[in-house]
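Numbering (my numbering), first residue to last: 146 to 555.
Presented below is the structure to which this report refers.
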Amino acid sequence: MNLTESIRIALSGLAANRLRALLTMLGIIIGVGAVIALVSFGQGVERYVKVQFESIGSNLLFVFSSTPQLAGKGGVKPMTLTDAEAIADPHNVPSVQRAASEYDVFGIVVAGHNDSALAVSGVTPNFGDVREWPTAVGRFIEEGDVATAARVAVLGKSLVKTLFDPGVDPIDQTIRVNNLPFRVIGVMEARGGSAFGDADAVIFIPISTAQTRLTNARTKDGSFEVTVVYAQAISAERMTSASAEIESLLQDRHGIEFRDEEDFQIITQDQVLAVVGQVTGLLTVFLALLAGISLLVGGIGIMNIMLVSVTERTREIGLRKAVGARYLDILMQFLIESMVISILGGALGIVLGAVAATIAGRLVPQLTLSVTPQAILLASGVSTAIGLFFGIYPAARAASLHPIEALRYE
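Next comes the structure, spelled out in structure tokens:
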């Protein structure tokens, strides 16, 4: 008997028990749909996190103080403004085109009856350029503001909504930061939520104001401490050389002779993206494995129904063997029947998963959810393999029946 005839007989057997076949497919449909939807969700999260990290600027290196594994004789020296200025000097670090500094102080920001507790960021005037974050209204901090330690502030869109009533223009309004009055001079463009919270719930003030008026950040050598230095490399290809040049410069400035004594850390944007990519990739795999449990249950359901079908059609099998059907003919008949159930269930599951991903994309517009060809091929391959694997035993059992005993079966 050829393959076409085996498929026709298998489809006839399924058509005779349509409801049972549909209920058997249900496990595969739900399993494949879950795999498609959850893989799409995981990939959407991965793309979203990557976009959020890329939005903080391009070709960035983050330089900040860290506790060394072995402190040198001089102890730990914090990152300072003079370090940042040295990093920005092209004679010292040719691969860096510019550098911005940030110094964070915890503060209570109050406007009228509204308040918010958050980190107040003292920044240099080129912070917006390095982070590629322009102002939407008003202006950003300027050199004159830093020189005079002016009490001016630039707010994020979310903080504006928290502090001011709808319709109120925040520009030139007075707010209080740790009980000191500040004048609002600008509002940043909206960036939306990030992987670490709301990126627009921020306040920027001149770095000198944060270092002198909100706290005393002066170090022993007369400079001022900074929390982080954002160094922007000339190009993506120069990131590695920029990191090496900054490391060599700071080792000289901090008097470090051995790596275990380094009291600073340099992290590139690519390193952050690589780590985040690994985490989100593992999340996608975990979600796919979780959905795969449904496929396993569906496969067990197929085996169970096929065993019932073999029992119900024992006399039919005996009759077919009596008229000349071979072992391989019976095996192929039931194996194809099992695979037809899983393949049809897989196709319907792909449609279900695509619909679920579309609905989820509408409900969570921040995530770009799409069903990729790789996910479809994976789901199709797995569903076919399940039909084959869980159909082998029932098919082999049917093919092994003795024709005389099968004909006697009641």
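Just so it is clear, CB atoms sit at the ideal spot from N, CA and C, and this is done for glycine as well.
Spatial distance of residue i from residue j (CA atoms)
{"i": "MET477", "j": "THR459", "result": "16 Å"}
{"i": "GLY217", "j": "PRO311", "result": "Unreliable placement is indicated for GLY217, whose pLDDT of 48 sits below 50; no coordinate value is reported for it."}
{"i": "VAL420", "j": "GLN318", "result": "42 Å"}
{"i": "PRO315", "j": "ASN361", "result": "29 Å"}
{"i": "ARG450", "j": "ALA530", "result": "Checking the sequence, you will find Ile at residue 450 rather than Arg. ILE450 and ALA530: Cα-Cα distance of roughly 17 Å."}
{"i": "HIS399", "j": "PHE349", "result": "29 Å"}
{"i": "LEU206", "j": "SER266", "result": "18 Å"}
{"i": "THR385", "j": "GLN188", "result": "28 Å"}
{"i": "GLU288", "j": "THR372", "result": "20 Å"}
{"i": "VAL208", "j": "GLY446", "result": "57 Å"}
{"i": "GLY532", "j": "ALA433", "result": "19 Å"}
{"i": "VAL455", "j": "ASP415", "result": "58 Å"}
{"i": "MET448", "j": "THR149", "result": "23 Å"}
{"i": "ILE152", "j": "ALA160", "result": "12 Å"}
{"i": "VAL254", "j": "ILE320", "result": "7 Å"}
{"i": "ARG542", "j": "ALA520", "result": "34 Å"}
{"i": "ILE537", "j": "PRO518", "result": "28 Å"}
{"i": "GLY526", "j": "ILE391", "result": "50 Å"}
{"i": "VAL291", "j": "PRO270", "result": "8 Å"}
{"i": "ILE173", "j": "ALA544", "result": "25 Å"}
{"i": "GLU461", "j": "LEU171", "result": "27 Å"}
For residue i, the first and last residue of its enclosing alpha helix (DSSP H)
{"i": "ALA389", "result": "384-398"}
{"i": "VAL208", "result": "Careful: VAL208 lies outside any alpha helix (DSSP H), inside the beta strand (DSSP E) at 205-210."}
{"i": "GLY273", "result": "272-275"}
{"i": "LEU100", "result": "Residue 100 lies beyond the stretch modelled for the chain, which goes from 146 to 555, so this question has no answer here."}
{"i": "THR243", "result": "The sequence shown places Arg at residue 243, not Thr. Counting along the chain, ARG243 falls outside any alpha helix (DSSP H), though it belongs to the beta strand (DSSP E) covering 241-256."}
{"i": "ILE352", "result": "352-357"}
{"i": "THR307", "result": "302-308"}
Three-state secondary structure (DSSP) of residue i
{"i": "LEU286", "result": "Looking at the sequence itself, residue 286 is Ile, so the reference to Leu does not match. Coil, per DSSP."}
{"i": "LEU325", "result": "strand"}
{"i": "PHE186", "result": "helix"}
{"i": "ARG465", "result": "helix"}
{"i": "VAL313", "result": "coil"}
{"i": "SER266", "result": "strand"}
{"i": "THR360", "result": "coil"}
{"i": "THR293", "result": "coil"}
{"i": "ASN259", "result": "strand"}
{"i": "GLU402", "result": "coil"}
{"i": "ASP343", "result": "strand"}
{"i": "ALA335", "result": "coil"}
{"i": "VAL299", "result": "strand"}
{"i": "ALA281", "result": "strand"}
{"i": "ILE174", "result": "helix"}
{"i": "ILE181", "result": "helix"}
For residue i, the first and last residue of its enclosing beta strand (DSSP E)
{"i": "GLN318", "result": "Here GLN318 belongs to no beta strand (DSSP E), and DSSP marks it neither H nor E."}
{"i": "ALA378", "result": "373-378"}
{"i": "PHE409", "result": "409-413"}
Any 3 or more C-beta pairs closer than 8 Å across the stretch 240-250 and the stretch 294-310: no
Unbroken stretches of the alpha helix (DSSP H), 4 residues or longer, contained in the stretch 477-553: 518-544 and 548-553
The stretch 366-383 / the stretch 234-243 touching (three or more Cβ pairs under 8 Å): yes
At least 3 beta-carbon pairs within less than 8 Å: the stretch 255-266 vs the stretch 275-295: no
Validate contact between the stretch 421-432 and the stretch 177-197 using beta carbons, cut 8 Å, 3 pairs: yes
Three-pair Cβ contact test at 8 Å for the stretch 326-338 versus the stretch 279-296: yes
The stretch 170-177 touching the stretch 488-507, judged by at least three CB pairs closer than 8 Å: yes
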